[in-house]
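Asks: Quick one: structure below, then a few questions.
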Amino acid sequence: QSNKAGKSLKAKAKLAKGSSGNGVSKKRRHWKQPPSDRGVDEALALSVDAKSVAKQLRSTDRPPSRATLRLATACLMQCVRHVNKEPRAFNSIVRACLRHWVRAADSVLGRTANDNDAGDEQERDDEDEDAGLRTPSSYPRWEKIRVTCKQYLNCVLLLLDKLRDQEAVRAIAQHCLPLLPYFLCLPRTLKPLLKSLISRWSQGPAPITVLAFLACHRVVKSRKSLCEQACKWMLAGYLQSARLGDSALAVLQQRTLCEMLLLQPNLAYKLAFVHLRQCAAALGRESQQGGTGEKSGRKTKTTKSSSGSLLHKAPLYAGLWLWTRLVAASDELTSLVYPLTQILEALCRTLAAARHLPLRVHCLRMLLHLTRQTGAATALLPGALALLDLADFNKGVASRALSLEGITKLSQSQLKSPSFRAAVSDVAYELLAGWVRSACQLTAFPELCLPLTRRLKRLAKDCRCRAVAKPAAQLLRLTMEAASWTRQQRATVRPIGGGNDVGGIQEADRLNGRSPFQAYYLRYRSMRREELARARPGDDQEVNGEDEDKEENGEKEPMEVAELQDEEEEPELSDLPSTDEEDETGDYEED
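The sequence shown lines up with residues 663 to 1253 when you count with the numbering used here.
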């Protein structure tokens, strides 16, 4: 009996010591389990009644309370942990939280619609909160629901990382937009949020990419200290997911990343300069080691696997496309036009063989984009004319051209096929027409187009294939009409200044007015876009992301991707798959 009494006293002493421990253990117990409240124990069970939780969140008779908010958060935590065991409860709870949790949290804090929209209308000049902008942390009740909000945001991040269904991911990404004020009040959740959003931004599809970009853009504008890290993550994700081809998703990623980089032009210049320098160094090594390995010999065999693989990698051309759009969109980065042009021209010279036509076309299209947007003098015309020497058009062309999208090299059978000759003809016509469109406003256009007119005259006269000779004759006629129009306009241009020196008689570089070639080029671009869309099913966007039909006078098109939410309504929330019970009762109809 004395031994038993001693053991019981020791047990009581241990129990008393554990109950009177320091505050750290209590804090840990508090973090693992929410504060006890009415109904929380039932919510932690997997057999929770999801409909009652949803009804409490969406109730209009009485405003949601803190207990309701903790109940919904606890339900979501349990459903996320046991999604495979209770899929029906998971769908119901997640759908209810996506629709009503933000409204319930705002109601508990006392936030209004004006406070929710203030973050979109006002921009922050520093990391601190503006005086007139009320965030959730500025309300008196914030400390009472801070832990609950943090738990809920962690669950949202977990869903954003783990879900695989595109409709569900789209719903979670859209749900992050109204949650951004709460994320900004918890700084430790911002970097995980940016990582998850950038991962979804780089994977696509287009709706998820736009929603992820909008959320990242708002976070970076509110916390400018995260801009550099976010841009580096986006650049790495873009290059890792890069694919050859001018798909709509690639163009969208390039435009959104350009807009993110232009928030800090100094950072954009630094990243672009470092990447272009690396590309130039790699290209120089490739040139010294034997180029693309076209020559025969022992040395070529050893360099073919190393050098050829580098020149044919998709991230190289994806990065060049990105910097081309960035330099063309900003006046502060015009000093990078020269190194970028030199790299592209060197790639065209290195990839001179016919089998590398797809990669060469990418470089020439980038030169065309630079020429149109910046007015820089590039070697586009010689490169486009050299394409006509790659094939013998007298052998005939196919009615359908070979698609050059998404490939790096052409096989010997493809080089001998009539579809290859048709592809060469179409691409050469597209590039030459684009050069005429960009140069027809120059006062020196009649002299600049002499090599083009001579080559087109010879092609239209000597080529026995009507499918090639007829377009060449048409382009020749239109070019000569544009040259005659330029001569007429040039005769009416007054000299700059009134002196007799060279500076006084110098003419204007560009002419005012609309060339007759521009109207034709707009029609041709629309037809060419439709033709490439048919050759590339499921992608009906522009070829290079160039809205040339919208640029009448060669002006740069402003990027307004981040302003989509101001001009249009937000995309409709995509529901998760509903259960049979919910469809029958109709408890979860959209508001």
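Each residue gets a CB set at the ideal place from its N, CA and C atoms; glycine is no exception.
From a predicted model like this one, the values you see are computed outputs, not experimental measurements.
(1) Is it right to say Asp-1124 is buried, meaning 16 or more other beta carbons lie within 10 angstroms of its own, or is it exposed?
(2) Which runs of the beta strand (DSSP E) at least 3 residues long sit entirely within the stretch 974-1061? Give them in chain order.
(3) Just the Cα atoms here: how many angstroms apart are Ala-874 and Lys-894?
(4) In chain order, what residues of the same chain lie with their CB nearer than 6 Å to the CB of Tyr-844, ignoring the 5 residues before and after it?
(5) In angstroms, rounded to a whole number, what distance separates the CA positions of Glu-994 and Arg-1062?
(6) Judging by CA-CA distance, which residue of Gln-740, Trp-804, Cys-737, Pro-749 is the nearest neighbour of Asp-768?
(7) For Leu-1006, I'd like the list of residues in its chain whose CB is within less than 6 Å of its CB, leaving aside the five on either flank, ordered along the chain.
(8) So, with DSSP's three-state summary, where would you put Leu-848?
(9) What did DSSP end up calling Leu-919 once you bin it into helix, strand or coil?
(10) Should Met-739 be labelled buried (16 or more other beta-carbon atoms within 10 Å of its own) or exposed?
(11) Please classify Ala-1084: does DSSP put it in a helix, a strand, or coil?
(12) Quick one, are the C-beta atoms of Ala-758 and Thr-730 less than 9 Å apart?
(13) Residue ranges of each alpha helix (DSSP H) run of no fewer than 4 residues wholly in the stretch 864-933, ordered along the chain?
(14) So, Arg-862 versus Val-831, is the Cβ gap smaller than 9 Å?
(15) Looking at Leu-1019 and Leu-1049, is the spacing between their C-beta atoms short of 9 Å?
(16) For Arg-905, I'd like the list of residues in its chain whose CB is within less than 6 Å of its CB, leaving aside the five on either flank, ordered along the chain.
(17) Which class does Glu-805 belong to by DSSP, given the choice of helix, strand or coil?
(18) Does DSSP put Cys-838 in a helix, a strand or coil?
(19) Where does Lys-1071 sit, in a helix, a strand or coil, going by DSSP?
(20) How big is the Cα-Cα spacing for Val-989 and Val-913?
(21) Straight-line CA distance for Asp-1202 to Ser-864?
(22) Nearest-angstrom Cα distance between Ser-687 and Val-882?
(23) For the alpha helix (DSSP H) that contains Ala-1063, what are its first and last residues?
(24) So, with DSSP's three-state summary, where would you put Lys-1078?
(25) Would you report the Cα separation of Val-1223 and Leu-901, rounded to the nearest angstrom?
(26) Measuring straight from C-alpha to C-alpha, what distance separates Arg-826 and Pro-749?
(27) Assign Arg-1187 to buried or exposed, taking buried as 16 or more other Cβ atoms, counted over all protein chains shown, within 10 Å of its Cβ.
(28) Cα separation between Pro-1001 and Thr-1040?
(29) Distance, Cα to Cα, Gly-772 vs Ala-1181?
(30) Using only alpha-carbon positions, find the residue among Ala-1016, His-1031, Leu-852, Ser-1073 that is nearest to Ala-1053.
(31) Can you grab the Cα-Cα spacing for the pair Val-1059 / Cys-1127, in whole Å?
(32) Taking the alpha carbon of Leu-1184 as the point to measure from, which residue in Arg-796, Leu-923, Ser-1100 has its own alpha carbon closest?
(33) Give me the Cα-Cα distance between Asn-753 and Leu-760, rounded to the nearest whole angstrom.
(34) Would you kindly work out how many angstroms separate the C-alpha atoms of Gln-1136 and Trp-1097, rounded to a whole number?
(35) CB-CB under 7 Å to Asp-1088, same chain, minus the five flanking residues each way: which ones, in chain order?
(36) Rounded to a whole number of angstroms, what is the C-alpha to C-alpha distance between Leu-1112 and Thr-996?
Replies: Judging by the given coordinates:
(1) exposed
(2) none
(3) 16 Å
(4) Pro-798, Cys-811
(5) Using only the alpha carbons, I get a separation of about 43 Å.
(6) Comparing alpha-carbon positions, the option among Gln-740, Trp-804, Cys-737, Pro-749 lying closest to Asp-768 turns out to be Trp-804.
(7) Cys-1025, Met-1028, Leu-1029
(8) coil
(9) Of the three classes helix, strand and coil, the one that applies to Leu-919 here is helix, per DSSP.
(10) buried
(11) Three-state result, Ala-1084: helix.
(12) Result no, Cβ atoms of Ala-758 and Thr-730 do not sit closer than 9 Å.
(13) Taking only runs of at least 4 residues, the alpha helix (DSSP H) segments lying wholly in the stretch 864-933 are 868-884, 889-902, 910-923.
(14) yes
(15) Result yes, Cβ atoms of Leu-1049 and Leu-1019 sit closer than 9 Å.
(16) Ala-976
(17) Helix, per DSSP.
(18) Here Cys-838 sits in helix by DSSP.
(19) coil
(20) 15 Å
(21) With a pLDDT of 37 at Asp-1202, under the threshold of 50, the modelled position of that residue is not reliable, and no figure is offered here.
(22) For Ser-687, the predicted structure reports a pLDDT of 44, less than 50, and the residue's modelled location is therefore unreliable. A value from the coordinates is still provided. Each residue's Cα considered, the two are about 37 Å apart.
(23) Segment: none, Ala-1063 is in no alpha helix (DSSP H) and carries neither H nor E.
(24) coil
(25) Per-residue confidence for Val-1223 stands at a pLDDT of 40, beneath the threshold of 50, marking its modelled position as unreliable; the derived number appears in the next sentence. Straight-line Cα distance between these residues: approximately 21 Å.
(26) 15 Å
(27) Buried.
(28) Spanning the two alpha carbons is a distance of roughly 12 Å.
(29) 58 Å
(30) Ala-1016
(31) 8 Å
(32) Ser-1100
(33) 11 Å
(34) 15 Å
(35) Ala-1063
(36) 29 Å
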